[in-house]
Amino acid sequence: MKPVSFNIRTAQTMLNKVITTFAPCTVYVFGYRNCNAFQKKQFTKDKIEDLSFQHYDLLVLSPKTFLNGASSVAGSFNAETDKRITITILLHTLSDLTTKQASQQCFFDTILRHGYRLCLDSNKPPYILHNTIPSRDITADWSYWLKCEAVAAFYINAAEQNCLVELELCQIALLHTAVEYTALGLIRIGMGYTPKEYG
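Numbering (our numbering), first residue to last: 131 to 329.
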């Protein structure tokens, strides 16, 4: 994992929102993307639209559990900043760090070692008990991908077989689920991470 470099001023704005909701917590930045782009508006003279944005990937470790808390906080923050600064939050408890899944252990270990810590809950600091750096279980990850691929193919096939025009919303729901399983499989293969429900 490469060191994460980002704008600390905008990170502080984002951190305030996260701490307000999840405190006491520990927050790590493990990904950052910045895009500076400008576009000339089509129907006005000399008017340039700023399309710049920043995106942060955060791991938040909090002793509390929040039903759908990560996506609701991220969504409200993204709306407040008019999507100029956006965040993705992976919300976990400290007990999630003790997972038996090797790839998930490797994911957490990499973030704790190489991510940028924005704040620390000093009463309950996160740590992983390993004498060595954990390695990913590629066989289990590949098996998970094959399951996700099979489920996605099933939903795509079900949407394709449905020839009734009136059930278009059902087809959309089936395709949405297929995309969801494809994304879950790609996240596991690419990062070793398995998302926690509502986290």
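Ideal placement from N, C-alpha and C gives every residue a C-beta, glycine not left out.
Problem - Beta-carbon contacts of residue 137 that lie in its chain and below 7 Å, excluding the five residues immediately before and after - result: Translated into the one-based positions of the sequence shown, residue 137 becomes position 7. Result list for residue 137: 184, in chain order.
Problem - Residue range of the alpha helix (DSSP H) that includes residue 322 - result: As a working mapping, residue 322 is identified with position 192 in the sequence shown. Unbroken run through residue 322: none, as it is neither H nor E.
Exercise for the section: Pick helix, strand or coil for residue 268, following the three-state DSSP scheme. Expected result: Looking up residue 268 in the sequence shown gives position 138. DSSP places residue 268 in helix when its eight states are reduced to three.
Practice task
Kindly confirm or deny that the stretch 135-154 and the stretch 209-218 touch, where touching means at least three C-beta pairs closer than 8 Å.
Solution key: yes
Practice task
Flag this pair as yes or no: are the beta carbons of residue 245 and residue 221 separated by less than 9 Å?
Solution key: Numbered from its first residue, the sequence shown carries residue 245 at position 115. Numbered from its first residue, the sequence shown carries residue 221 at position 91. In this structure, residue 221 does not lie closer than 9 Å to residue 245 by Cβ.
Practice task
Pull up the distance between the alpha-carbon of residue 191 and that of residue 159, whole angstroms please.
Solution key: The sequence position of residue 191 within the sequence shown is 61, counting from 1. The sequence position of residue 159 within the sequence shown is 29, counting from 1. Computed Cα separation, rounded: 12 Å.
Exercise for the section: May I ask you to list the residues that DSSP assigns as paired with residue 163? Expected result: Within the sequence shown, residue 163 is the residue found at index 33, counting from 1. Per DSSP, the beta-bridge partners of residue 163 are 185.
Exercise for the section: Write down the C-beta distance between residue 301 and residue 283 rounded to the nearest angstrom, noting that I regard them as a contact closer than 8 Å. Expected result: As a working mapping, residue 301 is identified with position 171 in the sequence shown. As a working mapping, residue 283 is identified with position 153 in the sequence shown. Contact doesn't hold; Cβ gap of about 15 Å is too wide.
Practice task
Measure the alpha-carbon distance for residue 211 versus residue 226 and round it to whole angstroms.
Solution key: For the purposes of this step, residue 211 is taken as residue 81 along the sequence shown, with counting starting at 1. For the purposes of this step, residue 226 is taken as residue 96 along the sequence shown, with counting starting at 1. Roughly 31 Å between the two C-alpha positions.
Practice task
Classify residue 258 as helix, strand or coil using the three-state DSSP reduction.
Solution key: To locate residue 258, count along the sequence shown from 1; it is residue 128. DSSP places residue 258 in coil when its eight states are reduced to three.
Handout entry: Inter-stretch contact (C-beta, 8 Å, three-pair minimum) for the stretch 224-239 and the stretch 199-209
Key = Contact check between the stretch 224-239 and the stretch 199-209: fewer than three CB pairs, one atom from each, fall below 8 Å, which does not count as touching.
Handout entry: Contact belief for residue 305 with residue 323 at Cβ below 8 Å, rounded distance in angstroms
Key = As a working mapping, residue 305 is identified with position 175 in the sequence shown. As a working mapping, residue 323 is identified with position 193 in the sequence shown. That belief does not hold up - the Cβ atoms of residue 305 and residue 323 are roughly 24 Å apart, past 8 Å.
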